[in-house]
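J.: This structure is in structure tokens; I'll ask about it shortly.
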Amino acid sequence: MLDAEILARIQFAFTVSFHIIFPSFTIGLASFLFVLEAMWLRTRDDTYLALYKFWLKIFALAFGMGVVSGIVMSYQFGTNWGPFSEFTGGVIGPLMAYEVLSAFFLEAGFLGIMLFGLNRVGPKLHFLATTMVAVGTLFSAFWILSANSWMQTPDGYVIENGRAVVTSWIDAIFNPSFPYRLVHMVLAAYLTTAFVVGAVGALHLLRDRENRAARIMFSMAMWMAAIVAPIQIVAGDMHGLNTLEHQPAKVAAMEGHFETREGAPLILFGLPDMKAEETKYAIEIPKLGSMILTHDWDGKITGLKDFAPEDRPNAPIVFWTFRIMVGIGVLMALLGIASLIARFRHKLYDCKHLHRFALVMGPSGFVAILAGWFTTEVGRQPWVVYGLMRTSEAGSPVTATAIAGSLIAFVVVYSIVFGVGTAYILRAMNHDPRNAHVPTGEFLRAGGRQLAAHNNPQAGE
1461 MLDAEILARI QFAFTVSFHI IFPSFTIGLA SFLFVLEAMW LRTRDDTYLA LYKFWLKIFA
1521 LAFGMGVVSG IVMSYQFGTN WGPFSEFTGG VIGPLMAYEV LSAFFLEAGF LGIMLFGLNR
1581 VGPKLHFLAT TMVAVGTLFS AFWILSANSW MQTPDGYVIE NGRAVVTSWI DAIFNPSFPY
1641 RLVHMVLAAY LTTAFVVGAV GALHLLRDRE NRAARIMFSM AMWMAAIVAP IQIVAGDMHG
1701 LNTLEHQPAK VAAMEGHFET REGAPLILFG LPDMKAEETK YAIEIPKLGS MILTHDWDGK
1761 ITGLKDFAPE DRPNAPIVFW TFRIMVGIGV LMALLGIASL IARFRHKLYD CKHLHRFALV
1821 MGPSGFVAIL AGWFTTEVGR QPWVVYGLMR TSEAGSPVTA TAIAGSLIAF VVVYSIVFGV
1881 GTAYILRAMN HDPRNAHVPT GEFLRAGGRQ LAAHNNPQAG E
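By our numbering, the letter at position 298 of the sequence shown is numbered 1758, and the numbering carries on one by one without gaps.
See the structure below:
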């Protein structure tokens, strides 16, 4: 039988896993729509507008599902994690409120114009709306990641009457891990969207390699893979070094090190055993672990045995989710390199093996993001606020039966609602992007003058 704390953690993990899929997609997709509309305004090539229309429908549905899943998450702070909300409310509450006031209001205020205003406000004002929605998604990532980073590396606070009180908002917002986490997550969102776009482009190229809209999608996505994937590897390395400084137990679990060693090896694969306090069947590269983590072949890496057993994260989960994330990152970089080779050989649109590789890699960004978040959150345990509040102290006095009942309800409802929504998105992606409805024609090429003439006949005479 699972106790209430484990069930509450499973429930939050389930809902946050669904939620993170959609914002990570819409962050990148909003910026992609911004680029498509900018390219259309610059070139007046209706293929870019058709692509904009094609992806706008998908963005709208993903954005809606992201909002719905996020609202459900917020209720759990009060129902399952009351003591946590009481302890961190003075910090997390305002950060979440800033996200709503600056990001969600910005997105919601311009989303209607973005979705329905192209024929009403003219292309330039509509482009402003698209820009504001893209900026809003980045603001949302800023505040959410600031709140999460504070839980990982709290700063700018004092404890008064059993509650965290902010003494410096600059230090609280820009806490030690925040810059690294923000860059890593935003790049992950861009890569996630790029690989989805690349997979859709590859799908349509496999059907018709002369499909110009598919060529544009695929080319843009492969440029992102070739450029951003290597940058993400560097950003991930910097994030790892920051984690080593502030959360060494998490890094020890990620690397599978139980013993503190100088010149520690890089353990590629193995089976961490928490009871035996060793990683069994380890496949190692001598000294490379120290070189990666400390940039010194003989650098010292602290092992899990240096931490009290009750302060150690679950090494098997952290060890394998970290490798899933890194492995997918390497595959992304390899696809980017393969696309560069094909591009320079003028085979980018003709190489079916490359297109099939891109098609298979379509959902890889979502898997990598989920694996990365499991690494981050499970690796923080047993702390809900690192070094300040244990997860065992953060739960509300709710029975395991009640949490199990709501968890089952979440699983059923989420499977239906988000299953149908995802099926609709996949169906929309299957449509030929050349057939996206472009009702604007010569009106938009005229920069909106025809709209003014239509609304005011005397002005058009």
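C-beta: ideal position from N, C-alpha, C; glycine also.
First and last residue of the alpha helix (DSSP H) that includes V1827?
T.: 1824-1840
J.: Do you know how far the Cα of G1569 is from the Cα of W1780?
T.: Spanning the alpha carbons of W1780 and G1569 requires a straight line of approximately 42 Å.
J.: For A1673 and W1833, I'd like the C-alpha separation in whole angstroms.
T.: The alpha-carbon atoms of A1673 and W1833 are separated by roughly 34 Å.
J.: Give me the residue from I1876, F1826, T1703 with the minimum Cα distance to Y1846.
T.: T1703
J.: For A1468, which residues of its own chain have a beta-carbon under 6 Å away from its beta-carbon, when the five flanking residues on both sides are left out?
T.: N1540, G1855, I1863
J.: For G1572, which of helix, strand or coil comes out of DSSP?
T.: helix
J.: Just to confirm my understanding: we take A1793, look at its own chain, exclude 5 residues before and 5 after, and list those with CB closer than 7 Å. What are they?
T.: If we look at A1793 and ignore the five residues flanking it on each side, its Cβ neighbours are A1689, P1690, I1693.
J.: Bridge partners of T1739, per DSSP?
T.: Assignment of beta-bridge partners to T1739 by DSSP yields P1732.
J.: Counting pairs of beta carbons, one from the stretch 1482-1492 and one from the stretch 1593-1611, are three or more of them closer than 8 Å?
T.: yes
J.: For a quick check, are the C-beta atoms of A1464 and A1860 less than 7 Å apart?
T.: yes
J.: Count the other CB atoms, across all protein chains shown, that sit within 10 Å of the CB of T1900; report buried if there are 16 or more and exposed otherwise.
T.: Because T1900 carries a pLDDT of 46, less than 50, the predicted location of this residue cannot be relied on, and the following value inherits that uncertainty. It counts as buried.
J.: Where DSSP assigns a beta bridge to G1845, which residues make up the other side?
T.: The amino acid occupying residue 1845 in the given sequence is Val; Gly does not appear at that position. Answer by DSSP bridge pairing, in chain order: M1849.
J.: Taking all protein chains shown into account, decide if T1475 is buried (16 or more other Cβ within 10 angstroms of its Cβ) or exposed.
T.: Around the beta-carbon of T1475, 16 or more other beta-carbon atoms lie within 10 Å, marking it buried.
J.: For K1760, name the three-state secondary structure that DSSP assigns.
T.: strand
J.: State the Cα-Cα distance for the pair E1737 and V1880, rounded to the nearest angstrom.
T.: 45 Å
J.: When the Cα of I1633 is compared with those of L1555, F1870, G1577, which residue comes out closest?
T.: L1555
J.: Can you give, in chain order, each stretch of the alpha helix (DSSP H) that sits fully within the stretch 1607-1648 and has at least 4 residues?
T.: 1629-1633
J.: Under 8 Å by Cβ, that's how I've got L1814 and S1824 pegged, so tell me the actual separation to the nearest angstrom.
T.: Not confirmed; about 15 Å, so no contact.
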